[in-house]
Amino acid sequence: MRNALGLMLASVVAAVVIAAGGWFYYSARAEQGAPKTVAARAADPLPAQAKLAAKDDVETTATVAAKPAAAAPAPAPVPVMPMQPKQACANPNALGVSRVVEIDTTGGPGFGFEHFKQFDFLTEKEVVLTFDDGPWPVNTPTVLKALADECTKGLFFSVGKHATYHPEILKQVLAQGHTVGTHTWSHVNLNSKKLTEQQVKDEVEKGFSAVKFALGTNPAPFFRFPQLQHNPAMVSYFGTRNVAMFSTEIDSFDFRKGATPEKIVETVMTRLDKLGKGIILMHDFQKNTGLALPTLLARLKAGGYKVVQMKAKTSLQTLPEYDEALMKDMKVPTAGTNSRPIASVVQTISQ
């Protein structure tokens, strides 16, 4: 009886131990098995694209987006700055600009009937305002103000040396919407027998590089010979460089001794009324030109004349060897510099 009772007790204990071990075994396996399945949450929205600090420095390319698991809200669009509207003229009775012509300078065309008679693009009562020898303090700004007051535009042929003296003034010329061409490095007569063929070329190409340096960008491929002395070899050379050459129909002779503002106006209008149209040659280097200009522009308007602005289809490409030579002559440090445009280096963020 006692043996039977002990046997039964041992069986019960064994069953309890087996059950507990099984529970422990399966619990441990469950802890070590595959991770629990968790419902996927929606992906965090992409951050808005950062504003570019130097737009000229970054090339935007297309990207391939990963296929989303579920439809997600589209990222906020990058804001686009609207184009600035053309500034309205403050003068309701301004002379203005009647039309703008674009010049294809391929092959080096010439303009101005005193020397070039192939391209007669002006119609009756149309004029082109041109200015040589600048930029120069006081005188060039005086010319710019007179043109701005009448909301009209001109074509400036800059002397390279003057451009390096006063780049801030030449930048003003360009910023106000005028066309900037070139007029050699130092305004020498390119027909002078004292100059070799290489020296003549150097005068021209160094002038190109100097104006580019002053502007911070390439000028128009427009050139006027100093003193209107057209060197035949350079005329051919400009054909290979695709640079247009300019003479004149109406010389103001504002550089002559005794050229008062009144005399300048009468000289221009007398010649213009006879011809009926033409390219007018003046000098923003001369003080009396700026003083004469308000009256001259008023006379043009009263006489029914209209201003045509000339622009180039492409910009002038300077030669690297002359760009480098100019930097050396001007002792401009080049170590550590780069060719980025100034707008990508210096930006006004508050004004």
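Residues 187 to 537 (our numbering) make up the sequence shown, in order.
Every residue, glycine too, gets a C-beta built ideally from N, C-alpha and C.
Beta-carbon separation (whole angstroms), residue i vs residue j, contact threshold 8 Å
i: Ile465; j: Ser438; result: Incorrect: roughly 11 Å between the Cβ atoms, too far for contact.
i: Thr292; j: Asn428; result: 5 Å
i: Leu360; j: Leu401; result: 6 Å
i: Thr370; j: Pro412; result: 6 Å
i: Ala430; j: Leu512; result: Ala430 to Leu512, Cβ: 23 Å. No contact.
Backbone CA spacing between residue i and residue j [nearest angstrom]
i: Ala240; j: Lys473; result: Because Ala240 sits at a pLDDT of 30, beneath the cut-off of 50, its placement in the model cannot be relied upon, and the following sentence gives the value as read from the coordinates. Approximately 41 Å between the Cα atoms of the pair.
i: Thr434; j: Val532; result: 40 Å
i: Tyr508; j: Leu376; result: 18 Å
i: Leu458; j: Phe399; result: 36 Å
i: Gly462; j: Glu300; result: 15 Å
i: Ser372; j: Gly320; result: 11 Å
i: Lys380; j: Glu510; result: 26 Å
i: Lys497; j: Asn404; result: 13 Å
i: Val313; j: Pro519; result: 44 Å
i: Leu414; j: Phe297; result: 12 Å
i: Asp290; j: His364; result: 18 Å
i: Gly282; j: Lys311; result: 14 Å
i: His352; j: Gln384; result: 27 Å
i: Val367; j: Pro295; result: In the sequence as presented, Val is not what sits at residue 367; that position holds Gly. Using only the alpha carbons, I get a separation of about 14 Å.
i: Val287; j: Phe307; result: 9 Å
i: Thr328; j: Leu315; result: 15 Å
i: Leu477; j: Pro447; result: 6 Å
i: Ser284; j: Lys339; result: 10 Å
i: Ala406; j: Leu333; result: 20 Å
With 16 other Cβ atoms within 10 Å as the buried cut-off, status of residue i
i: Asn417; result: buried
i: Gln495; result: buried
i: Phe317; result: buried
i: Asp470; result: buried
i: Thr453; result: buried
i: Phe342; result: buried
i: Thr504; result: buried
i: Val324; result: exposed
i: Asp515; result: exposed
Per-residue DSSP class, three states only, for residue i
i: Ala225; result: The predicted model places Ala225 with a pLDDT of 37, which falls under 50 and marks its position as unreliable; any figure quoted below should be read in that light. Here Ala225 sits in coil by DSSP.
i: Asp388; result: helix
i: Glu288; result: strand
i: Gly489; result: coil
i: Asp335; result: helix
i: Ser395; result: helix
i: Glu310; result: coil
CB contact check: residue i to chain B, cutoff 8 Å
i: Val532; result: Considering every chain present, this structure includes no chain B. It has just one protein chain.
Note down, one range per segment and in chain order, each beta strand (DSSP E) of at least 3 residues found wholly within the segment 492-537. 492-498
Could I get the ranges of all uninterrupted alpha helix (DSSP H) runs contained in the segment 397-466, with 4 residues as the minimum, in chain order? Listed in chain order, the complete alpha helix (DSSP H) runs (minimum 4 residues) inside the segment 397-466 are 418-427 and 447-461.
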